[in-house]
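Below you'll find the structure, written out as structure tokens, and then a few comments.
Protein chains: 4
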Amino acid sequence: MAINRNSLRGKLFIIIFGANTKRGRLFDVFLLWFILISILVVCLESVPKIRDQYESVFFYLETFFTIIFTVEYFLRIYSHPKPLKYLLSFYGIIDLLSIIPYYLTYFSPASHYLITIRILRLLRVFRILKLSSFVHHAQVLKSALASSLQKITVFMLFIVALVLIIGTIMYVVEGEENGFTSIPQSIYWAIVTITTVGYGDLTPQTSLGQVISSIVMIMGYAIIAVPTGIVTVEMSRSQPPVASKVDQAECLSCGKSMPVNANFCSNCGHPLKE
Amino acid sequence: MAINRNSLRGKLFIIIFGANTKRGRLFDVFLLWFILISILVVCLESVPKIRDQYESVFFYLETFFTIIFTVEYFLRIYSHPKPLKYLLSFYGIIDLLSIIPYYLTYFSPASHYLITIRILRLLRVFRILKLSSFVHHAQVLKSALASSLQKITVFMLFIVALVLIIGTIMYVVEGEENGFTSIPQSIYWAIVTITTVGYGDLTPQTSLGQVISSIVMIMGYAIIAVPTGIVTVEMSRSQPPVASKVDQAECLSCGKSMPVNANFCSNCGHPLKE
Amino acid sequence: MAINRNSLRGKLFIIIFGANTKRGRLFDVFLLWFILISILVVCLESVPKIRDQYESVFFYLETFFTIIFTVEYFLRIYSHPKPLKYLLSFYGIIDLLSIIPYYLTYFSPASHYLITIRILRLLRVFRILKLSSFVHHAQVLKSALASSLQKITVFMLFIVALVLIIGTIMYVVEGEENGFTSIPQSIYWAIVTITTVGYGDLTPQTSLGQVISSIVMIMGYAIIAVPTGIVTVEMSRSQPPVASKVDQAECLSCGKSMPVNANFCSNCGHPLKE
Amino acid sequence: MAINRNSLRGKLFIIIFGANTKRGRLFDVFLLWFILISILVVCLESVPKIRDQYESVFFYLETFFTIIFTVEYFLRIYSHPKPLKYLLSFYGIIDLLSIIPYYLTYFSPASHYLITIRILRLLRVFRILKLSSFVHHAQVLKSALASSLQKITVFMLFIVALVLIIGTIMYVVEGEENGFTSIPQSIYWAIVTITTVGYGDLTPQTSLGQVISSIVMIMGYAIIAVPTGIVTVEMSRSQPPVASKVDQAECLSCGKSMPVNANFCSNCGHPLKE
Chain A
1 MAINRNSLRG KLFIIIFGAN TKRGRLFDVF LLWFILISIL VVCLESVPKI
51 RDQYESVFFY LETFFTIIFT VEYFLRIYSH PKPLKYLLSF YGIIDLLSII
101 PYYLTYFSPA SHYLITIRIL RLLRVFRILK LSSFVHHAQV LKSALASSLQ
151 KITVFMLFIV ALVLIIGTIM YVVEGEENGF TSIPQSIYWA IVTITTVGYG
201 DLTPQTSLGQ VISSIVMIMG YAIIAVPTGI VTVEMSRSQP PVASKVDQAE
251 CLSCGKSMPV NANFCSNCGH PLKE
Chain B
1 MAINRNSLRG KLFIIIFGAN TKRGRLFDVF LLWFILISIL VVCLESVPKI
51 RDQYESVFFY LETFFTIIFT VEYFLRIYSH PKPLKYLLSF YGIIDLLSII
101 PYYLTYFSPA SHYLITIRIL RLLRVFRILK LSSFVHHAQV LKSALASSLQ
151 KITVFMLFIV ALVLIIGTIM YVVEGEENGF TSIPQSIYWA IVTITTVGYG
201 DLTPQTSLGQ VISSIVMIMG YAIIAVPTGI VTVEMSRSQP PVASKVDQAE
251 CLSCGKSMPV NANFCSNCGH PLKE
Chain C
1 MAINRNSLRG KLFIIIFGAN TKRGRLFDVF LLWFILISIL VVCLESVPKI
51 RDQYESVFFY LETFFTIIFT VEYFLRIYSH PKPLKYLLSF YGIIDLLSII
101 PYYLTYFSPA SHYLITIRIL RLLRVFRILK LSSFVHHAQV LKSALASSLQ
151 KITVFMLFIV ALVLIIGTIM YVVEGEENGF TSIPQSIYWA IVTITTVGYG
201 DLTPQTSLGQ VISSIVMIMG YAIIAVPTGI VTVEMSRSQP PVASKVDQAE
251 CLSCGKSMPV NANFCSNCGH PLKE
Chain D
1 MAINRNSLRG KLFIIIFGAN TKRGRLFDVF LLWFILISIL VVCLESVPKI
51 RDQYESVFFY LETFFTIIFT VEYFLRIYSH PKPLKYLLSF YGIIDLLSII
101 PYYLTYFSPA SHYLITIRIL RLLRVFRILK LSSFVHHAQV LKSALASSLQ
151 KITVFMLFIV ALVLIIGTIM YVVEGEENGF TSIPQSIYWA IVTITTVGYG
201 DLTPQTSLGQ VISSIVMIMG YAIIAVPTGI VTVEMSRSQP PVASKVDQAE
251 CLSCGKSMPV NANFCSNCGH PLKE
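Protein chains in written order, with UniProt numbering: chain A, 1 to 274; chain B, 1 to 274; chain C, 1 to 274; chain D, 1 to 274.
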């Protein structure tokens with residue numbers, strides 16, 4: 001970072017990208033509110049009744065938010081010591097995607113659905129995790145999930161294979177006349193069932209189908225225990241175990257705390273007991 | 001508490017607000033039954049058939065309960081050493097809210113829905129947690145939930161963001177012709193799906209929609225493991241570990257604590273039993 | 001037990017009530033199969049199509065099973081050292097309930113539904129838990145559930161209060177025109193939703209109702225973690241902790257296995273180390 | 001294995017059945033892709049629209065995959081030292097089942113559903129678990145599930161008994177006019193409800209039925225905690241606890257193992273580092 005900390009670029013960089021100074025935190029909080037309100041506007045605009053009634057209001061609001069976010073975008077490019085790195089970063093792309101749909105509507109005003117890409121600006125909300133009160137907890141959750149990822153993957157492979165087989169069996173048993181019109185459709189039913197969602201848009205009609213789905217449901221009931229077990233075990237590991245609450249006493253020689261039952265300091269070799 | 005313990009106010013205070021004396025506990029149990037029965041009456045009154053048939057019975061019952069609770073309310077104000085503190089406390093407001101709807105119906109008899117506010121008197125049921133047999137367990141649960149609150153909050157933020165993005169994607173994919181009439185409606189669907197509730201009032205109709213919702217369901221299946229993991233870990237921490245539960249007795253010779261069923265000290269060999 | 005072990009009554013008692021002898025186990029296994037088949041018959045008989053087609057077959061099967069179970073019932077009374085104690089015990093009542101419906105149909109042949117009481121004979125299946133391979137595991141599960149019962153009760157009280165309040169709010173918000181015809185009906189909806197069952201027979205129609213139920217669902221998602229946490233913690237406690245997998249060495253004097261780090265046998269005081 | 005490792009059969013055996021050599025792994029990965037694509041083809045073929053449009057394409061694809069898998073099948077028989085053992089093994093039967101339906105359609109071309117047996121070739125996907133990155137995790141999951149199998153079985157027996165009793169009660173309470181046409185049908189409802197799937201194809205209509213199902217749902221809510229608890233406890237046991245993960249080195253003086261980052265032995269004070 002070859003930028004002078006006291007130059008305008010340097011100051012802007014600390015405010016916009018940092019969260020440790022008072023101004024930097026204020027900037028983040030303000031931006032967060034702008035993002036949340038702009039998302040609310042996108043949501044409300046999608047409701048047909050509200051859209052028709054306040055069409056012009058939404059246009060002005062959208063223009064306002066787009067100007068704000070465009071200014072912010074260029075300030076980020078300007079102040080970042082390596083603008084290209086920011087442009088190609090995850091947040092750089094998200095920031096761009098949350099402003100371009102507005103400008104594109106000038107070229108093809110029919111692009112109604114394009115405008116909903118703006119919802120991606122929601123991803124910027126995760127910048128909130130920089131706020132100190134969340135960093136620690138998000139870190140613990142993240143590391144627990146990361147270390148259980150491989151086990152969860154093996155488990156998911158198993159679920160996918162199970163769901164394919166159950167789906168095929170139900171396709172053969174129930175048949176097209178009961179709504180199980182194809183294997184993918186039956187797999188969709190199997191997923192809806194084994195995850196205990198149970199929409200009820202597809203339900204077994206034959207006796208055999210009901211027996212099979214009863215077995216599937218009871219299996220799903222036991223299977224749901226597996227990811228829970230994996231995550232719980234990883235979480236209880238990624239935290240200091242209770243055992244470390246064993247009474248500790250400090251070595252008088254080097255000051256490091258040792259378990260009280262140690263005879264010598266494991267750091268400096270000083271005898272801990274008479 | 002400047003009130004004399006032997007004055008009428010002092011005695012009333014101990015009976016009404018305390019739960020440690022025999023009379024205090026009796027008062028709580030009686031009140032609890034009155035509250036439960038009055039709630040049952042409110043529930044039954046809301047059933048159209050029953051309301052029409054026993055209209056006058058309900059009126060008399062309601063008058064009876066309101067008188068009881070009004071007397072109790074004024075006794076609480078009278079006996080409390082700092083009446084204003086009680087009036088503005090959580091239970092003070094709940095107590096008031098459970099009697100005023102009845103009196104308000106004299107002024108505007110049409111306020112049918114107002115009367116249902118009386119259900120808030122249910123909140124007074126939590127006074128039962130003062131009873132000694134529940135205090136300990138409620139405390140353990142409360143502290144476990146309190147210490148996992150921050151992690152749960154971070155997790156909930158993540159769920160809300162996820163649900164917003166999934167909702168928007170499904171709004172674009174399924175469109176208004178399949179019931180996903182707006183982004184808020186699609187978000188409602190995403191919540192119904194990811195929490196595995198699955199009403200089935202809104203279901204994906206297109207193939208792509210079914211593929212996406214299959215992924216959402218399997219994700220929801222894995223995600224449900226996270227709050228469970230958080231709470232389980234916090235609970236296992238907030239309790240003394242197993243080992244400390246076995247009764248221990250100290251060796252009279254070397255002073256080390258041994259399980260009571262040991263015959264000899266495992267440290268110095270001293271006999272522990274005659 | 002003043003009965004001579006070698007008398008007929010004594011031998012019968014050991015076979016019928018015991019599960020430790022070869023004959024006793026054989027008796028239990030036979031009985032179990034009779035019970036399971038008789039339950040299957042009750043289930044099949046309830047299917048209208050099957051009942052109409054094989055009406056007489058079912059009558060003969062039912063008569064056969066009732067005779068078997070009646071003989072068993074009287075043998076149990078005869079062989080038990082304290083017949084009255086058996087008659088009034090849980091299994092004594094269940095055994096009676098599984099045979100009387102048949103005899104009662106002679107007096108009032110219209111008692112169609114009475115016959116289904118016979119399904120209660122299913123409860124006798126739990127006698128299987130006497131079989132040695134299950135006793136241990138059933139015991140562990142039972143003790144874990146028993147010790148978590150109080151915490152679960154406090155939690156359930158909380159759920160009931162929550163469900164009452166949510167039900168009332170939805171009754172006011174949605175109103176009778178959207179199917180929430182009474183508070184009990186709305187409470188039913190709240191239970192269906194918070195337990196993530198989600199039948200979809202009652203769903204929120206208004207926007208406010210959908211917002212409230214979204215919050216309820218996300219709450220239910222977090223709340224489900226609580227009983228899981230309670231039971232998991234109790235289960236991990238009711239089992240020998242991992243620590244007991246510490247290397248063990250047998251005392252050469254009394255043969256009991258001791259942790260290798262013990263200096264003296266805690267059973268006989270024999271020195272374990274030179 | 002009496003086959004010479006350098007003969008053609010020996011080399012083929014190492015490539016086809018092994019996963020430790022570079023070629024063996026390449027063979028597994030190629031085969032995996034063939035299996036996955038052939039499953040995708042079976043799924044797509046089951047969709048009526050797609051089947052009708054690309055009928056000949058599917059025929060050629062199916063012929064292609066069957067030839068590949070047939071060649072693979074005979075190579076496996078040829079290269080295996082004990083061909084009969086392979087033929088009768090789990091994967092041997094699966095491999096056969098995934099090719100014969102194609103040949104059978106030549107004899108009875110109407111056997112439409114027979115062709116779906118090919119989906120069983122999915123089971124071959126589990127060969128992926130041989131790949132080193134998954135072996136460990138699959139092993140941990142498997143051993144945790146295996147050791148909790150007996151407890152889960154006891155629990156499942158309990159659920160089955162519960163579901164039978166609840167089903168019968170609801171059959172009596174709701175009756176045939178509300179869709180609970182038989183006890184098996186009611187048991188199906190009970191399973192759908194207690195596993196929180198909740199299709200909504202059968203729902204209680206009477207007040208008493210709704211009260212009973214509310215109780216069932218709340219019970220199901222608490223019961224789901226049991227398998228989760230079982231699996232979590234077994235998983236946390238089947239893994240080495242955190243503490244033992246730190247690298248340990250033995251003290252050269254007293255032989256006690258110490259964490260590698262300790263400078264002195266905490267037992268005898270001997271320096272552990274130069």
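Note that the Cβ used here is the ideal one computed from N, Cα and C, for glycine as well.
Check whether residue i and residue j have beta carbons under 7 Å apart
| i | j | result |
| --- | --- | --- |
| M217(B) | T195(A) | yes |
| L75(B) | S98(B) | no |
| E174(A) | G209(A) | yes |
| G200(C) | Y102(B) | no |
| V154(D) | A146(C) | no |
| A222(A) | I152(D) | yes |
| F27(B) | I15(B) | yes |
| Y188(A) | S214(B) | yes |
Assigned secondary structure, residue i (DSSP; H/G/I helix, E/B strand, else coil)
| i | result |
| --- | --- |
| H80(C) | coil |
| D28(C) | helix |
| T63(B) | helix |
| V42(D) | helix |
| T181(B) | coil |
| D52(D) | helix |
| Q210(D) | helix |
| F34(D) | helix |
| P204(B) | coil |
| P241(C) | Confidence in P241(C) is poor, its pLDDT being 43 and thus under 50, which makes the residue's placement too unreliable to answer from. |
| V47(B) | coil |
Inter-residue CB distance, residue i and residue j (contact presumed, cutoff 8 Å)
| i | j | result |
| --- | --- | --- |
| R9(D) | Y78(D) | 7 Å |
| A190(D) | P227(C) | With 8 Å as the limit, A190(D) and P227(C) do not qualify as a contact, their Cβ atoms being about 20 Å apart. |
| I169(D) | I100(D) | With 8 Å as the limit, I169(D) and I100(D) do not qualify as a contact, their Cβ atoms being about 47 Å apart. |
| P48(A) | S182(B) | 7 Å |
| F58(D) | R51(D) | 7 Å |
| L202(B) | F180(B) | 7 Å |
| F65(B) | F34(B) | 7 Å |
| G229(A) | T232(D) | 4 Å |
| V172(B) | T193(C) | Not really, about 27 Å apart at Cβ, beyond 8 Å. |
| S236(B) | S56(C) | The pair is not a contact, with the Cβ atoms about 60 Å apart (cut-off 8 Å). |
Outcome for residue i when other beta-carbon atoms lying within 10 angstroms are tallied against a minimum of 16
| i | result |
| --- | --- |
| P184(A) | buried |
| E62(A) | buried |
| V71(B) | exposed |
| H136(C) | exposed |
| K142(A) | exposed |
| R124(A) | buried |
| N20(D) | exposed |
| Y106(D) | exposed |
| L40(B) | exposed |
| P204(C) | buried |
| I37(D) | exposed |
| F90(A) | exposed |
| E177(D) | exposed |
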